[in-house]
Ligand code: ADP
Ligand code: ADP
């Protein structure tokens, strides 16, 4: 699903955020990217989402070499990727329903099908009863669930999350991670950046460790302890 081939990223200003990074994530796999603050976790996810471009190397997503991807095909590729952020980026003046519906408004999904999918996504994250509310009236964990519903409503093959539990207490964080695992169970490829090692260990999934932009460990799920 994802392949990095000797990928380096240097931001304007000269800092090298990723250094010759190579790794693969298989279809349907769920993995964590961890490392200290500034290790390059966010940069890695942004490169996958085409929010940043590599300075060197190649990224292949679903057989598509990103360096050869025409500009007009970028939106299509992005629609196949669900993104979850630490601070969820919800529109606070729109209902929960409207927030989750947003990604479907860009595509050509008919209204009846849109409604069905929004409700299916809200049901999946346990928020069907909250569809008319504004996000501000929900707890932090519920808001993050709205963010997740929005990320999966278009049924992306790939779900990426940047510190999705960063603002949550430990119990809620576990629940959110279990939700991601449920998406993996139905075939979604999942990549999560997190620095919460105890939580990562609990999930027993593959862990890729970055340090100053370099891959320093790649621990298989069976070896996580
Ligand atoms: P992490 O997510 O692991 O904290 P980041 O990918 O955010 O790491 O950052 C990696 C390095 O790149 C850091 O040194 C950071 O300061 C730098 N960096 C990140 N984004 C930018 C940017 N837009 N411009 C310049 N430097 C950046
Ligand atoms: P179907 O058309 O197969 O009935 P739905 O839209 O009803 O699909 O979604 C089925 C469930 O799967 C819903 O709970 C939905 O939120 C969830 N889902 C959404 N996106 C994905 C995805 N990328 N992978 C797996 N399940 C997803």
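In full-length UniProt numbering, the protein residues as written are 1 to 225.
Glycine included, C-beta positions come from ideal geometry on N, C-alpha and C.
How many Å lie between residue i and residue j at the Cα?
i: residue 228; j: residue 140; result: Any answer about residue 228 is impossible in this case: the structure gives the chain only from 1 up to 225.
i: residue 17; j: residue 223; result: 28 angstroms
i: residue 188; j: residue 155; result: 8 angstroms
i: residue 39; j: residue 101; result: 34 angstroms
i: residue 80; j: residue 87; result: 21 angstroms
i: residue 133; j: residue 114; result: 18 angstroms
i: residue 43; j: residue 117; result: 31 angstroms
i: residue 2; j: residue 60; result: 6 angstroms
i: residue 21; j: residue 111; result: 43 angstroms
Report buried or exposed for residue i, applying the criterion of at least 16 other Cβ atoms within 10 angstroms of its Cβ.
i: residue 190; result: buried
i: residue 213; result: buried
i: residue 168; result: buried
i: residue 205; result: buried
i: residue 197; result: exposed
i: residue 181; result: exposed
i: residue 216; result: exposed
Among the options, which residue has its Cα nearest to the Cα of residue i?
i: residue 184; options: 73, 9 and 26; result: 26
i: residue 103; options: 60, 148 and 135; result: 148
i: residue 128; options: 111, 105, 98 and 106; result: 98
i: residue 164; options: 137, 49 and 83; result: 83
i: residue 48; options: 23, 37, 72 and 35; result: 23
i: residue 150; options: 15, 75, 95 and 170; result: 95
i: residue 232; options: 41, 78, 72 and 53; result: The structure shown does not extend to residue 232, since the chain is modelled only from 1 through 225, so no value can be given for it.
i: residue 45; options: 89, 219 and 194; result: 194
Measure how close the beta-carbons of residue i and residue j come, nearest whole angstrom, since I'm counting them as under 8 angstroms.
i: residue 33; j: residue 179; result: No, residue 33 and residue 179 are not in contact; Cβ-Cβ is about 18 angstroms, not under 8 angstroms.
i: residue 200; j: residue 207; result: 6 angstroms
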